[in-house]
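Reviewing the structure listed below.
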Ligand code: GDD
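Numbering (this note's numbering), first residue to last: 47 to 456.
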């Protein structure tokens, strides 16, 4: 049997995701009409003999209650949220719930970061992992050498796929193969984490009885039960025939800011063509709006027949109202948004209950990595008629009656 664990983190980690994280935990933000964490959960469904899916984080339990019950029902697989009393790090959080995870007596544990967008090739990875015969297999992807420094960079044996060297976000270039935050482990991972914890505790005791701490002030900051998977566990285990890599040729992105969530939403919509074509809107029939490319429209949303919804990458959430002559290109429209006649939205995320006036334009350059490359409106923002908002971020509850460009409206 197999147990899957998705690390969802907690609110302190969500600052880069503002203003969207003011309303909703980042893992629940909708991409292609489904919560960010729904995508890895559906991917876990494809694993044979899956017993359980745990989400581990330090958000309040009630924030996940509705989601876990509805996704358990929908996918017919038990999903449970486990709350840490404080952050224990990516490996410490897992270790904290080892007894519960081991209750199903799993042969393997699939461990996933929640903030990655990926095709999650889990059954193929599992097969490779069994072939390698190690303790863990890490999903890797080739990225451009200029962008690799933002991730864990790793070097593997080209023949055996054994992980030989690991450097977490290094300052100088090591490798263009990076850690995707998708792993398969045997339960031995718990012994490895315990080893690091024990070492830490011993060192802490040593510090208390000697002047060791004064010599190594950097060690003071990490609590003994805080264990990071990358630096503390993976790195020391390289070159010991314990860790292997599996390279994906498919898509992968990390979702740390709202711009990347728009890009990821588009990648998931494109994947729906193969995995869930029924979720994509089709533009047939003369009475319907014009729809081009990959588009998701929630069944409760109302789109005027003269609107032009132009994908790829438009996602319209529940109860949104899209007026006559509106043009939508590459955007996420959240619940209860109203877009009035002839308004245009391009490369933007429109927050819950916001309203865009007639002949207004909300747009951006579409450079997903730039700070203002996607225009973001927080919850309940009003853009009045004929106002133009370009490359800007607007915090909740603001009313814009003049045009703005390259601005953060606090
Ligand atoms: N429950 C829990 N508790 N989750 C945590 C904690 C914690 O204390 N700390 C981090 N996480 C979760 C985050 O929500 C995220 O899903 C995952 O663990 C990894 O987060 P970080 O440890 O902050 O690392 P990162 O995202 O900057 O980088 C990691 O992932 C990259 C791939 O996305 C590293 O492993 C990189 O090497 C890797 O490239």
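Think of the CB as a built atom: it goes at the ideal place given N, C-alpha and C, for glycine as much as any other residue.
For residue 357, which of helix, strand or coil comes out of DSSP?
strand
With the cut-off set at 7 Å, would you say residue 414 and residue 305 are in Cβ contact?
yes
What's the call for residue 336, buried or exposed, on a 16-neighbour Cβ count within 10 Å?
exposed
Going by DSSP, which residues form a beta bridge with residue 342?
361
So the beta strand (DSSP E) residue 421 belongs to, where does it begin and stop?
421 to 423
Classify residue 188 as helix, strand or coil using the three-state DSSP reduction.
strand
CB of residue 239 within 7 Å of CB of residue 316, strictly
no
How many angstroms separate the CA atom of residue 339 from the CA atom of residue 121?
27 Å
Pairing CB atoms from the segment 414 to 424 with CB atoms from the segment 437 to 447, are three or more of them under 8 Å?
yes
Going by other Cβ atoms of all chains shown within 10 Å of its Cβ, with 16 needed for buried, is residue 351 buried or exposed?
exposed
Residue interval of the alpha helix (DSSP H) (run including residue 314):
304 to 321
For residue 210, which residues in the same chain have their Cβ closer than 7 Å to its Cβ, ignoring the five residues on either side in sequence?
201, 202, 203, 284, 285
Can you tell me the Cβ-Cβ gap for residue 353 and residue 371, rounded? I've got them flagged as a contact below 8 Å.
7 Å
If we count the other Cβ atoms within 10 Å of its Cβ and call it buried at 16 or more, is residue 68 buried or exposed?
exposed
List the DSSP bridge partners of residue 154.
48
Let me check you understand the geometry: is the CB of residue 53 closer than 6 Å to at least one non-hydrogen atom of ligand 1?
yes
Can you find at least 3 beta carbon pairs, one from the segment 224 to 243 and one from the segment 153 to 166, that sit closer than 8 Å?
yes
Count the other C-beta atoms from every protein chain shown that fall within 10 angstroms of the C-beta of residue 396, then say buried if there are 16 or more, exposed otherwise.
buried
Are there 16 or more other CB atoms within 10 angstroms of the CB of residue 131, so buried, or fewer, so exposed?
exposed
Residue 391 to residue 178 span [Cα, whole Å]:
49 Å
How about residue 275 and residue 297: are their beta carbons less than 7 Å apart?
no
Beta strand (DSSP E) runs contained entirely in the segment 389 to 417, provided each spans 3 or more residues:
390 to 396, 407 to 409
Does DSSP put residue 240 in a helix, a strand or coil?
helix
Determine the extent of the beta strand (DSSP E) in which residue 200 is found, giving its start and end residues.
198 to 202
Opposing strand residues paired with residue 129 [DSSP bridges]:
103
Excluding five sequence neighbours on each side, which residues of the same chain lie with their C-beta closer than 6 Å to the C-beta of residue 291?
184, 186, 202, 207, 209
Closest to residue 366 by CA distance: which of 243, 376, 385, 355 is it?
385
Comparing alpha-carbon positions, which option in 311, 342, 309 lies nearest residue 471?
Absent from the model: residue 471. The displayed extent of the chain is 47 to 456, so no value can be given.
Residue span of the beta strand (DSSP E) that contains residue 164, given as start and end:
162 to 164
Could you check which residue in 82, 49, 48, 47 has the C-alpha nearest to that of residue 55?
82
Contact test: residue 277 Cβ vs ligand 1 heavy atom, cutoff 6 Å
no
Given 6 Å as the limit, tell me if residue 67 has its C-beta closer than that to any heavy atom belonging to ligand 1.
no
I need the boundaries of the alpha helix (DSSP H) containing residue 136, first residue and last residue.
135 to 142
Is DSSP giving residue 119 helix, strand or coil here?
helix
Proximity test, residue 312 beta-carbon vs ligand 1 heavy atom, cut-off 6 Å
no
Hey, residue 380 and residue 355: beta-carbon distance below 7 Å or not?
no
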